[in-house]
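Peer 1: In the order they appear, the protein sequences are chains S, D and C.
All residue numbers for the first sequence refer to the working numbering, where the first residue is 684 and numbers rise by one.
All residue numbers for the second sequence refer to the working numbering, where the first residue is 67 and numbers rise by one.
All residue numbers for the third sequence refer to the working numbering, where the first residue is 282 and numbers rise by one.
Where a beta carbon is used, it is the ideal one built from N, C-alpha and C, also for glycine.
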Amino acid sequence: MTTITHRLGSETLTAGRLPRATTPSVAVASIIIGYALAVLASGEGNIGLATLFAFVLFLVTIEIATRIVEGPRQAADRRAGNLIAGAFLLALVPLGSVTWVTVSKGLARFDAAFFSQSMRNVVGEGGGAIHAVYGTLYVTGMATLISVPIGLLTAVYLAEYGARNRLSKSITFFVDVMTGVPSIVAGLFAYALMGILVGPGTKSGFSGSIALSVLMIPVVVRACEELLRLVPNELREAAYALGVPKWLTIVRVVIPTAISGIISGIILSIARVIGETAPLLIAMGFTASMNNNVFANPMMTLPVFVYDSYAHPGTDVQPYLDRAWAGALTLILIVMILNLIGRLIARRFAPKTGR
Amino acid sequence: MTQKLTRALTDPGAGPDPSSGMPDPKRRGDRIFRGFAMGAGITILVILALVATFLLVQGSPALFADPAKLISQGYGEFLPWVLPYAFGTIWAAVLALLFAVPVSIGIALFISHYAPRRLAQPLGYVIDLLAAVPSVVFGLWGSLVLAPAAVPLYEWLNANLGFIPLFSGQVSGGGRNMFTIAIVLATMILPIITSLCREVFLQAPRLHEEAALALGATRWEMIKMAVFPFARPGIIAAVMLGLGRALGETMAVTMILSGSRNITFEVLTSQNPNTIAATIAQNFPEAFGLKTSQLIAAGLVLFLITLVVNMIARWIVSRRAEYSGAN
Amino acid sequence: MSKRIETTDLNVYYGDFRAVEDVTITIQPRAVTAFIGPSGCGKSTFLRTLNRMHEVIPGARVEGEVLLDGENLYGAGVDPVRVRRQVGMVFQRPNPFPTMSIKENVLAGIKLNFNRMPRNEQDELVERSLRSANLWEEVKNRLELPGSGLSGGQQQRLCIARAIAMAPEVLLMDEPCSALDPISTLAIEDLMSELKEKYTIVIVTHNMQQAARVSDTTAFFNIAGTGSPGRLIESGPTDKIFSTPDVKATEDYISGRFG
Chain S
684 MTTITHRLGS ETLTAGRLPR ATTPSVAVAS IIIGYALAVL ASGEGNIGLA
734 TLFAFVLFLV TIEIATRIVE GPRQAADRRA GNLIAGAFLL ALVPLGSVTW
784 VTVSKGLARF DAAFFSQSMR NVVGEGGGAI HAVYGTLYVT GMATLISVPI
834 GLLTAVYLAE YGARNRLSKS ITFFVDVMTG VPSIVAGLFA YALMGILVGP
884 GTKSGFSGSI ALSVLMIPVV VRACEELLRL VPNELREAAY ALGVPKWLTI
934 VRVVIPTAIS GIISGIILSI ARVIGETAPL LIAMGFTASM NNNVFANPMM
984 TLPVFVYDSY AHPGTDVQPY LDRAWAGALT LILIVMILNL IGRLIARRFA
1034 PKTGR
Chain D
67 MTQKLTRALT DPGAGPDPSS GMPDPKRRGD RIFRGFAMGA GITILVILAL
117 VATFLLVQGS PALFADPAKL ISQGYGEFLP WVLPYAFGTI WAAVLALLFA
167 VPVSIGIALF ISHYAPRRLA QPLGYVIDLL AAVPSVVFGL WGSLVLAPAA
217 VPLYEWLNAN LGFIPLFSGQ VSGGGRNMFT IAIVLATMIL PIITSLCREV
267 FLQAPRLHEE AALALGATRW EMIKMAVFPF ARPGIIAAVM LGLGRALGET
317 MAVTMILSGS RNITFEVLTS QNPNTIAATI AQNFPEAFGL KTSQLIAAGL
367 VLFLITLVVN MIARWIVSRR AEYSGAN
Chain C
282 MSKRIETTDL NVYYGDFRAV EDVTITIQPR AVTAFIGPSG CGKSTFLRTL
332 NRMHEVIPGA RVEGEVLLDG ENLYGAGVDP VRVRRQVGMV FQRPNPFPTM
382 SIKENVLAGI KLNFNRMPRN EQDELVERSL RSANLWEEVK NRLELPGSGL
432 SGGQQQRLCI ARAIAMAPEV LLMDEPCSAL DPISTLAIED LMSELKEKYT
482 IVIVTHNMQQ AARVSDTTAF FNIAGTGSPG RLIESGPTDK IFSTPDVKAT
532 EDYISGRFG
């Protein structure tokens, strides 16, 4: 005991502690000095540079103060805490910037014309994205029509029938593999499939839907399987005990119990694919006009419209960029709203699992 | 019951059994439904097989064509053509990971162990919002906002740390370089890595956390003693999944980089290796014949790379499931 | 080496809910004090306030004071980390760190405090702590193997060794035997009567025979009904509590009439 007692024995419970106001006051001081340093260093007030200086200054000051007053272990603890909080704040920077820029630049063309006109015969100013809005609805709707039955039924098989047999294990494995398929590869697949089925170089909305389905099916399977597994076994047994056959039990009892979660999962998976660009670029091509036929001719969706406006502007670039930002704003709004609806449904009607 | 059914079906001589009547319609419903469910599952396997087959079929002309023909009608001999892009793909993804992993782990810890419990979920949503931004918007933002804004940083790095090969060379004027790509890709994979890490951090056993605290550990020491050892496989899997996503990301690279076909580790110059996905996206609309095949073959290479990465990730995850099950 | 604990009018809250009400008790050094009472009566919660481990639970807070040889654990400038270094704790379920070897587990707390303890001192400390925990003979040949490979009872003794390696003043034990078989339980009980020569020991137990066997003082906690706070009903020498308690409720509980 001697050594330990010797070293710990004299210890008291109280340790030197920095006053509570230390962190905020050092933070404020660091921001001011950091900004001043940035002005000195670059001649102008660069916000990025100022923030960097301020943060480093803050870390170093707190480190030294804690080391002196509280000791090295507390210093390490505070350093870790500060860096961790810093990481979170850092992630807010791109989020805030993207949101701000998209809203401020997107509002310029976020007008009635944008949602009522196509780009047919438009050069320069004017025009709109109505063809892309319709295209998005068609292509995403078609992809949903393909993905949901396949995805939901597969989830039913995995959760209700699979019983960990080899087929269900390999399906689970390949669904995982499918979630990792790069989106552009899905586009190439749809293109190749159409090339073989219809003829080389076929580009149509349906082809885009196939590409999106490849990306969407695994998400639907995952979400639905998880929810079906949450349905308590007692419910199934109660139905069996009443003489209800298994398939009716699934259709009438299991799926209705999980339905809100399933719907929310489907909405979230739509939100995931609605912003896809790369596969559609490959599978659908570009168009400036309305196309109401999913099965023939190129079709435009909003993300492709944004990319096209950005990548292939006319001689006067600004109107194209304005339309690109307006498209981006529309897209973000759609995705946010879908996410919100999905989460609300999931929360409002969540089955009480008691966990 | 089943026996009777099979007998009735296999033995044409046997008349309908008066006691059982017609084959039970409920039973038939079960079999049909099960068949549908199984069919859907098999469809998925078929789709994946088709993806691989079709890419092979449509890409094979480029893979097995005479190099001379590829030079005259395609983009050039396949392997020398695709290797720089493969390098660019991996290089961009690795750089993105360098940025994203520490930040993601930090955010995940902030949400799981630092922020008040009540705030954990809303803060998680905030980070998930990043995942809701479509890649094409990140492309716009990266090329029109981030790249020009970052030029002073690049010039500073080049002037002061230019002796490091990474930062040497002539800084690209518009800021459209590998560094910008890495930041944008990092932002895009941040939410995935964060949410997976958050999950495993939250699952770290309370028992061990309390054991560490009861020994007089500070919060950070507790995390090092009880959370990280437990979460390590989960973190690795999250990183691999993030890597898979970064490898396949197309639009951000397509819109920011005007890539070339040189292998270089300099991240600030205007001479940047392109990625496979961006090359396909940039060239596919105008491609025809052998060029199309060659791009599809490149897609196959990308598919294989991401497949390997994802399989490793899944393997780690499944190993961890077994490990924790044994405890 | 061991200190006296005194609490006066201690209240513990989870958010707005008062879990423990007005506990005033003195815990003697070099003795075993047992907390008994029905489930949910706040005895474990109270135990955790003695080394500020309740702070791990979000929303938990304390009103009142806990004096460790006269020094308030909740006084200004008190560092909970230092409190826990002096007041060790053993948990309901054995919780050796699964990624560490037996030796590393014993040294886990020490490593936090001294980064550079000489090797021979480390070995000496490991042996001494494991001997004090009556575990040395069983594990001396496999110190480098993971602690999770031991039996439940051995793991719990490893956790005790880990706690006493820190040379604490007080050892808190939160139902240390509830996850163990009778033989392992006996081993831990024997160990407790040895450890009380050096430490102040507080044990929460559901097992009244155990309290009667190992403790010098017994404190009975009870709860008026769900939703109301737990209270200390009475405390006193174990013999007296188990033979002639002052309060009817104590007698009812001990004779098995409720709880």
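Can you tell me whether DSSP reads S:Ser787 as helix, strand or coil?
Peer 2: S:Ser787 falls in the helix class under three-state DSSP.
Peer 1: Looking at C-beta atoms only, is the number of pairs between the segment 312–329 of chain C and the segment 358–375 of chain D that lie closer than 8 Å three or more?
Peer 2: Verdict: no, contact absent.
Peer 1: Spatial neighbours of S:Cys907 within its chain, please: C-beta separation below 7 Å, excluding the five flanking residues on both sides.
Peer 2: Answer for S:Cys907: Gly834, Leu835, Ala838, Ile945, Gly948, listed in chain order.
Peer 1: Return no unless some Cβ of chain C is closer than 8 Å to the Cβ of S:Arg700.
Peer 2: Answer yes: the Cβ-Cβ gap between S:Arg700 and chain C drops below 8 Å somewhere.
Peer 1: Using beta carbons (cut-off 8 Å, strictly below), is D:Met321 in contact with chain S?
Peer 2: It does; some Cβ of chain S falls within 8 Å.
Peer 1: Is S:Thr785 near D:Val202, with beta carbons less than 8 Å apart?
Peer 2: No, the pair does not count as a contact, with Cβ atoms beyond the cut-off.
Peer 1: For C:Ile482, list the residues DSSP reports as bridge partners.
Peer 2: Answer by DSSP bridge pairing, in chain order: C:Val313, C:Leu452.
Peer 1: Rounding to the nearest angstrom, what Cα-Cα distance links D:Ile362 and D:Met321 in this structure?
Peer 2: Their Cα atoms are separated by approximately 20 Å.
Peer 1: Rounded to a whole number of angstroms, what is the C-alpha to C-alpha distance between C:Thr336 and D:Pro299?
Peer 2: First, the residue type needs correcting, since residue 336 of chain C is Glu and not Thr in the sequence shown. So the alpha carbons of these two residues sit roughly 29 Å apart.
Peer 1: Is C:Arg329 near the ligand ATP, in the sense that its beta carbon is under 7 Å from a heavy atom of that ligand?
Peer 2: As far as ligands go, the structure on display features none, and thus does not contain the ligand ATP.
Peer 1: Run through DSSP, which three-state label would S:Val914 get?
Peer 2: Of the three classes helix, strand and coil, the one that applies to S:Val914 here is coil, per DSSP.
Peer 1: Could you check whether the segment 793–812 of chain S touches the segment 1007–1020 of chain S, counting it as contact only if at least three pairs of C-beta atoms, one from each stretch, sit closer than 8 Å?
Peer 2: Yes, the segment 793–812 of chain S touches the segment 1007–1020 of chain S.
Peer 1: Suppose the cutoff is 7 Å on Cβ atoms and the five residues either side in sequence are ignored; what does the same chain contact list for S:Ile1017 look like?
Peer 2: Same-chain partners within the cutoff: Ile957.
Peer 1: Determine, for D:Ala277, whether the minimum Cβ-Cβ distance to residues of chain C falls below 8 Å.
Peer 2: Yes, D:Ala277 counts as interfacial toward chain C.
Peer 1: Tell me, please, which residues DSSP counts as bridged to C:Tyr295.
Peer 2: Answer is C:Phe298, C:Ala341, bridged to C:Tyr295.
Peer 1: Could you have a look at C:Leu348 and say whether DSSP puts it in helix, strand or coil?
Peer 2: C:Leu348: strand per DSSP, three-state reduction.
Peer 1: Run through DSSP, which three-state label would D:Ser324 get?
Peer 2: In this structure, D:Ser324 counts as coil in the three-state DSSP scheme.
Peer 1: Kindly give me the distance between the Cβ atoms of D:Leu402 and D:Ala131, rounded to whole angstroms, as I take these residues to be in contact under 8 Å.
Peer 2: With chain D covering 67 to 393 only, the question about residue 402 of chain D has no answer from this structure.
Peer 1: Using 10 angstroms around the beta-carbon of S:Gly926, count the other beta-carbons present and answer buried if the total reaches 16, otherwise exposed.
Peer 2: S:Gly926 comes out exposed.
Peer 1: Can you tell which of D:Trp381, D:Phe354, D:Asn376, D:Thr345 has the C-alpha that lies nearest to the C-alpha of D:Leu149?
Peer 2: For the residues D:Trp381, D:Phe354, D:Asn376, D:Thr345, the minimum Cα distance to D:Leu149 belongs to D:Thr345.
Peer 1: Go ahead and pull the three-state DSSP assignment for S:Arg833.
Peer 2: Residue 833 of chain S is actually Ile in this sequence, not Arg. Reduced to three states, the DSSP call for S:Ile833 is helix.
Peer 1: Under the three-state reduction of DSSP, which class applies to C:Arg501: helix, strand or coil?
Peer 2: The sequence shown places Phe at residue 501 of chain C, not Arg. Here C:Phe501 sits in strand by DSSP.
Peer 1: From C:Asn376 to D:Arg380, what distance separates their C-alpha atoms?
Peer 2: Between C:Asn376 and D:Arg380, the C-alpha separation is close to 29 Å.
Peer 1: Have a look at S:Gly764, S:Asn765, S:Val902, S:Val805 and flag the residue whose alpha-carbon is nearest the alpha-carbon of S:Ala826.
Peer 2: Among S:Gly764, S:Asn765, S:Val902, S:Val805, the Cα nearest to that of S:Ala826 belongs to S:Val902.
Peer 1: So what does DSSP say about S:Arg703, is it helix, strand or coil?
Peer 2: Coil, per DSSP.
Peer 1: Who are the neighbours of D:Gly95 on chain S, taking C-beta pairs under 8 Å?
Peer 2: Here the neighbours are Pro928, Trp930, Leu931.
Peer 1: C:Pro361 to S:Ser952, Cα distance in whole Å?
Peer 2: C:Pro361 and S:Ser952: Cα-Cα distance of roughly 46 Å.
Peer 1: Mind pulling the chain C residues with CB within less than 9 Å of S:Thr697?
Peer 2: In chain order: Glu352, Gly356, Ala357, Gly358, Val359, Asp360, Arg363.
Peer 1: Assuming C:Met370 is part of the beta strand (DSSP E), what are its boundary residues?
Peer 2: C:Met370 -> beta strand (DSSP E) spans 368–371.
Peer 1: With distances taken from CA atoms, which of D:Ala134, D:Arg272, D:Phe245 is nearest D:Gly325?
Peer 2: Answer by Cα proximity: D:Phe245.
Peer 1: As an exercise, report each continuous alpha helix (DSSP H) stretch of at least 4 residues that is fully enclosed by the segment 229–295 of chain D, in chain order.
Peer 2: Entirely contained in the segment 229–295 of chain D, the alpha helix (DSSP H) runs reaching 4 residues are, in chain order, 244–269, 272–280, 285–288.
Peer 1: Run through DSSP, which three-state label would S:Ser887 get?
Peer 2: Reduced to three states, the DSSP call for S:Ser887 is coil.
Peer 1: Does any C-beta atom of chain C lie closer than 8 Å to the C-beta of S:Arg703?
Peer 2: No - not a single Cβ of chain C is within 8 Å of the one on S:Arg703.
Peer 1: What does D:His274 touch in chain C if you count any residue whose Cβ is under 7 Å from its own?
Peer 2: The contacting residues are Asn376, Phe378.
Peer 1: So is D:Glu287 in contact with chain C if we call contact Cβ pairs under 8 Å?
Peer 2: So, interface residue.
Peer 1: Excluding the 5 residues flanking C:Lys477 on each side, which residues of the same chain have their C-beta closer than 8 Å to its C-beta?
Peer 2: Here the set comprises Arg311, Ala312, Val313, Asp497.
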